[in-house]
Amino acid sequence: MKKLKIKGITGTPVFLTRWRGYLDAKRQIVTTEGERWDSNYIQKVLCSCNSFTSGIYRDLETQTFEQHKQSAELVIEYLGLTAYLKAPEPQAGGMTKSVQKRSAARIATVKPNLRKRLSEVQTALADIEEGIGRAVNETGLTKRAAASLTGRKLQAYLHGAALVLHLPSDTNFTVTPEFDAEADYRLRHADNDGARKAILTKIAKEAERNEVVS
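Numbers 215 to 428, taken from the working numbering, label the letters of the sequence shown in order.
Structure representation (structure tokens):
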């Protein structure tokens, strides 16, 4: 993963951030209540982290939009194909022999093509699952890296402030975003992703059964 650049968080040496905390505490603009620390600087840094996180999930939405759209279309097509291929053959009652022959010939021609298309749909769904999964994982790693950078920056700031306030310097700051962009992204696509995963799970189980039989 490439080195992150986050406005308001990266680019400032740690010693300067620590010095900022020291000066803010001297000016009495850092407040503490139990384990809770607060200042305008802390809020500014947290807002920068939240803004960055929201931005990368907007980018993820754009990046995977077409894949999600195609996935929904392929799921519908898959269900239609499997329903047709599993349907019983039409009864010959009331048909002339020539009509029966034409019907049998049409089915004999159509079904192999449909099975071929079904295989293509299955492969496409698997590729989409892999592509979306990779994009989501990469974005999640970036989100956690941003939270880690933010936490280290605020720890340095609080270390400087703690020197003035005569509090323990082993301050710890865990960054938790106000809005969980990842959960929101997953929720928006839950039905689509669930349908795709269910189909792929079914395909995998059928493949396992076929291997056992063979």
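Glycine residues also receive a C-beta, built at the ideal position from the N, C-alpha and C atoms.
Keeping to the same chain, check which residues put their C-beta closer than 7 angstroms to that of His403; ignore five residues upstream and five downstream.
Cβ within range, chain order: His282.
Could you check if Leu288 is buried or exposed, using at least 16 other CB atoms within 10 Å of its CB as the buried criterion?
Buried.
Would you decide whether Thr323 is buried or exposed? Buried here means 16 or more other CB atoms lie within 10 Å of its CB.
Exposed, since its Cβ has fewer than 16 Cβ neighbours within 10 Å.
So which of Thr353, Lys325, Ala376 has the shortest CA-CA distance to Thr245?
Cα-wise, what sits closest to Thr245 is Ala376.
Rounded to the nearest angstrom, what separates Ala421 and Thr356 at their Cα positions?
Using only the alpha carbons, I get a separation of about 36 angstroms.
Counting pairs of beta carbons, one from the segment 247-263 and one from the segment 359-374, are three or more of them closer than 8 angstroms?
Segments in contact, yes.
Let me know if Ala397 comes out buried or exposed under the rule of 16 or more other beta-carbons within 10 Å of its beta-carbon.
That one is exposed.
Can you check which of these residues, Gly294, Lys367, Asn424, Ile220, is closest to Ile270 by C-alpha distance?
Among Gly294, Lys367, Asn424, Ile220, the Cα nearest to that of Ile270 belongs to Ile220.
Beta-carbon separation of Leu429 and Leu295 under 7 angstroms?
The requested residue 429 does not occur in the structure, where the chain is confined to residues 215 to 428.
Just the Cα atoms here: how many angstroms apart are Cys261 and Asp238?
Between Cys261 and Asp238, the C-alpha separation is close to 18 angstroms.
With DSSP run on the structure shown, which of helix, strand or coil describes Arg241?
Looking at Arg241 - three-state DSSP - the assignment turns out to be coil, as it is neither helix nor strand.
Return helix, strand or coil for Asp407, following the three-state DSSP convention.
DSSP places Asp407 in helix when its eight states are reduced to three.
Any idea what DSSP makes of Thr172, helix, strand or coil?
No information on residue 172 is available, as it lies outside the stretch 215 to 428 that the chain covers here.
If the criterion is Cβ atoms closer than 7 angstroms, does the pair Ile223 and Lys367 meet it?
Contact flag set, yes.
Cα-Cα, which of Lys325, Ser285, Ala359 is closest to Pro302?
Answer by Cα proximity: Lys325.
So is Tyr290 buried or exposed if we call it buried at 16+ other beta carbons inside 10 Å?
Correcting the residue identity first, residue 290 is Ile in this sequence and not Tyr. Exposed, by the Cβ-count rule.
May I ask you to report which of helix, strand or coil DSSP gives Asp394?
In this structure, Asp394 counts as coil in the three-state DSSP scheme.
Quick check: Glu344 and Leu414, are their CB atoms within less than 7 angstroms of each other?
Against a cut-off of 7 angstroms, the Cβ pair of Leu414 and Glu344 comes out as no contact.
For Lys432, report the span of its alpha helix (DSSP H) as first-last.
Residue 432 is absent from the structure shown; the chain starts at 215 and stops at 428.
Between Thr353, Val426, Asp407, Lys240, which has its C-alpha nearest Asp341's C-alpha?
Ranking Thr353, Val426, Asp407, Lys240 by Cα distance to Asp341 puts Asp407 first.
Can Ala360 and Phe266 be called in contact, C-beta distance under 7 angstroms?
Yes. Within cutoff.
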